[in-house]
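**Student:**
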Amino acid sequence: MKDPQTYIDSGVLELFVYGTLPEEEMVEVAHIVAQNPVLLQEVVSIENSLLKLASAAAPAQVADFSNLRKYIDVDGKVIPLSRKRTPIPTIILWAAAILLLAGVGYLYTENSKLENQLVDTERELLLQESKTQVAESDLQQTKDILNVIRQQDLIAVPLGAQAVAPEAYASVYWDQENGKAYIDVKGLPEPPQGKVYQVWSLTLEPLTPTSLGILDQYDVTGNQIFELDNPNQSEAFGITLEPAGGSESPTLEQLYTLGVVTS
Amino acid sequence: MMTQPDALIARFLQKDAMSFEKIYELYSESLFGVINSILHDKELSEEVLQDTFVKIWNNSDRYNPKKGRFFTWMLNIARNSAIDKTRSKAFKNQRKNHTAEYFVDILEARGSFNTSVDAIGIQKFVDVLEPLCKKIIHFLFFKGYTQKETAEELEIPLGTVKTRNRICIKKLRDIVGVE
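If you read the protein sequences in the order shown, they are chains A and B. Everything in the first sequence is counted per my numbering, starting at 25 for the first residue and increasing by one. Everything in the second sequence is counted per my numbering, starting at 99 for the first residue and increasing by one.
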């Protein structure tokens, strides 16, 4: 081999002690050093100086060896490490995390349920409110009707069914004094799209129809009372179905109801 | 001067608990220093030091004298354990308020306590040694970098690392009085 001094000067022994040579070089240097006392002495010196330097970088005194005893048994056998203290706290942490997660999930579900219930309740409330409104408006209409037909001096004219609609009927309450006619259309079928009922005042000899107006605010409930002006000397009333907007003269084929003033 | 305690090591390799204790006494402080120069944190370094010695005990059958010095073998375990720790959350948290970069900063910063080392001698080393030496020893020895990695890290030619390293260790030996 090379002259020991050359080998020393190459700086490879320092690297050998650092342990930063490639493995095959480590093996090679170890082999050479083992056979040469001069090189071995050099390695020992390097190692000792590094040991001193390194211990100077220790931040405190090392812990007592007794701390390590629990990791080795008396017979010198390896105790299967339950690895430091971390596992138990880690398990507890995980358990806590899972519990927390489960709790959050549970609360979230409960909250969703409650929210759904609230929405249902609100919807129910709205439904009831609209029912109440409908009932109130029905009541108002009924009162209106009652108010009309209870008036004194009102002439009630029942209008009977005609061929077109054998089931149909209506009533006219005529306030002769004030020239008003109240038409109750409860018994009329709902007019088809694009058609309206038109109310006629009739004088009989000769037969002369005069339009009182069209019932174009027709309500599906049929509960309302139409108020029309009637200054005529009516002898009968008739209701025909006419195209939207009404007609000049009644379409007699579409005469739904007719009634004669009797009093 | 202390030479490698071959007989002691041989007994230790036979899983002799007494010799393990002796080995701990001989090497723990140095390994503590190596670990701390990587972690810069006393508590974490204590944890890693214990971990290192448990590994040394458990893996003693893996030490092969044909591949290097016993100290070098332990040094590698210590460095690797410390480097593992640098990836831990605990290390990343403490990293925020650490200031020491090189082992010399640790030497300068640490308080006085009883060690096997002549603290004055080491202080002399720190004072006398040129900054480049401190850096080269930091990377090659404490961190276990190769010469090439050290050259890249310090942005100096590989040849400079090689020649400087030798000179720096020589100075170190003069200062600490090692034969």
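Using N, Cα and C, we set each Cβ at its ideal position, and we do this for glycine too. The structure presented is a predicted model; accordingly, all values stated were derived computationally and were not measured.
(1) For the stretch 239-254 of chain B, enumerate the residues whose C-beta is nearer than 8 Å to any C-beta of chain A, in chain order.
(2) Quick check on E49/A - is its C-beta less than 8 Å from some C-beta in chain B?
(3) Look up D162/A in the DSSP assignment and say whether it is helix, strand or coil.
(4) If I measure Cβ to Cβ from A185/A and keep anything under 7 Å in the same chain, skipping five residues before and after, which residues do I get?
(5) Between the alpha carbons of E49/A and N91/A, how many angstroms are there, rounded?
(6) Since T44/A meets chain B, which of its residues come closer than 7 Å, beta carbon to beta carbon?
(7) At the 8 Å Cβ level, is L256/B part of the contact set with chain A, yes or no?
(8) Report the rounded CA-to-CA distance for F211/B versus L124/B, giving the unit in angstroms.
(9) What is the DSSP secondary structure of G288/A, reduced to helix, strand or coil?
(10) Starting from K183/B, follow the beta strand (DSSP E) in both directions and report where the run begins and ends.
(11) Return the chain-ordered list of same chain residues with a C-beta closer than 6 Å to the C-beta of L178/A, the five sequence neighbours on each side being excluded.
(12) Return yes when the Cβ of S225/A is within less than 8 Å of the Cβ of S271/A, no when it is not.
(13) Could you run through the stretch 116-146 of chain A and flag, in chain order, every residue whose CB is less than 9 Å away from some CB of chain B?
(14) Against chain B, does N60/A count as a neighbour if the rule is that its beta carbon must be under 8 Å from one of theirs?
(15) Cutting at 6 Å between CB atoms, please list the residues of its own chain near R177/B, excluding the five before and the five after it.
(16) Look at G131/B and A54/A and say whether their C-beta atoms are less than 8 Å apart.
(17) Could you tell me the boundaries of the alpha helix (DSSP H) in which P28/A lies?
(18) According to a CB-to-CB cut-off of less than 7 Å, which residues of the stretch 72-94 of chain A neighbour chain B?
(19) If contact means a Cβ-Cβ distance below 8 Å, which residues of the stretch 151-185 of chain B contact chain A?
(20) Starting from T264/A, trace the beta strand (DSSP E) in both directions and tell me its first and last residue.
(21) Should L270/B be flagged as near chain A, meaning a C-beta pair shorter than 8 Å?
(22) Quick check: the stretch 33-45 of chain A against the stretch 64-72 of chain A, are at least 3 beta-carbon pairs closer than 8 Å?
(23) Can you name the start and end residues of the alpha helix (DSSP H) that T258/B belongs to?
(24) Could you tell me the alpha carbon to alpha carbon distance between T145/A and S136/A, rounded to whole angstroms?
(25) In terms of alpha-carbon separation, which member of F240/B, R262/B, Q245/B, P255/B lies closest to S79/A?
(26) How would you write the range of the beta strand (DSSP E) that D199/A sits in, first residue to last?
(27) Taking the beta carbon of L270/B as the centre, do at least 16 other beta carbons fall within 10 Å, making it buried, or is it exposed?
(28) If you count every other CB in all the chains shown that lies within 10 Å of the CB of D240/A, and 16 or more means buried, which is it?
(29) Could you tell me the distance, in whole angstroms, from the CA atom of K76/A to the CA atom of I115/A?
(30) Between K164/B, E119/B, I267/B, which has its C-alpha nearest E52/A's C-alpha?
(31) Report yes or no: is there a C-beta of chain A within less than 8 Å of the C-beta of V146/B?
(32) Let's test the definition: count the other Cβ atoms within 10 Å of the Cβ of N202/A and tell me whether it reaches 16, buried, or not, exposed.
(33) Using a cut-off of 7 Å between C-beta atoms, extract the partners of E38/A located in chain B.
(34) For I134/B, decide whether its Cβ has a neighbour in chain A, counting only Cβ atoms nearer than 8 Å.
(35) Using a Cβ cut-off of 8 Å, which residues of the stretch 113-138 of chain B contact any Cβ in chain A, in chain order?
**Tutor:** A quick look at the data gives this:
(1) Only F239, F240, G242, Y243, T244, Q245 from the stretch 239-254 of chain B bring a Cβ to less than 8 Å from some Cβ of chain A.
(2) no
(3) The three-state reading of DSSP puts D162/A in helix, counting H, G and I together.
(4) E191, A192, Y193, T281
(5) 37 Å
(6) L238, G242, Y243, T244
(7) Among the CB atoms of chain A, none fall inside 8 Å of the CB of L256/B.
(8) Legend: pLDDT at F211/B = 49, less than 50; position of this residue unreliable, value from coordinates given subsequently. If you take the alpha carbons of F211/B and L124/B, they lie about 17 Å apart.
(9) There is no way to answer for residue 288/A, as the model of chain A reaches only from 25 to 287.
(10) Looking at the DSSP string, K183/B is not in any beta strand (DSSP E); the run it does join, the alpha helix (DSSP H), is 168-184.
(11) Residues of the same chain with a CB within less than 6 Å of the CB of L178/A, apart from the 5 flanking positions on each side, are Y197, D199 in chain order.
(12) no
(13) none
(14) no
(15) Here the set comprises G242.
(16) no
(17) 28-33
(18) N72, S73, L74, L75, K76, L77, A78, S79, A80, A81, A82, P83, A84, Q85, V86, A87, F89, N91, L92
(19) F151, V152, W155, N156, P163, K164, K165, G166, R167, F169, T170, W171, L173, N174
(20) 260-267
(21) yes
(22) yes
(23) From DSSP, the alpha helix (DSSP H) with T258/B extends over 256-274.
(24) 14 Å
(25) Of the candidates F240/B, R262/B, Q245/B, P255/B, the one whose C-alpha sits nearest the C-alpha of S79/A is F240/B.
(26) 194-199
(27) buried
(28) exposed
(29) 41 Å
(30) K164/B
(31) no
(32) exposed
(33) N263, R264, I267
(34) For the record, residue 134/B in the displayed sequence is Asn; it is not Ile. By this cut-off, N134/B is an interface position.
(35) K113, D114, A115, F118, E119, Y122, E123, Y125, S126, E127, S128, L129, F130, G131, V132, N134, S135
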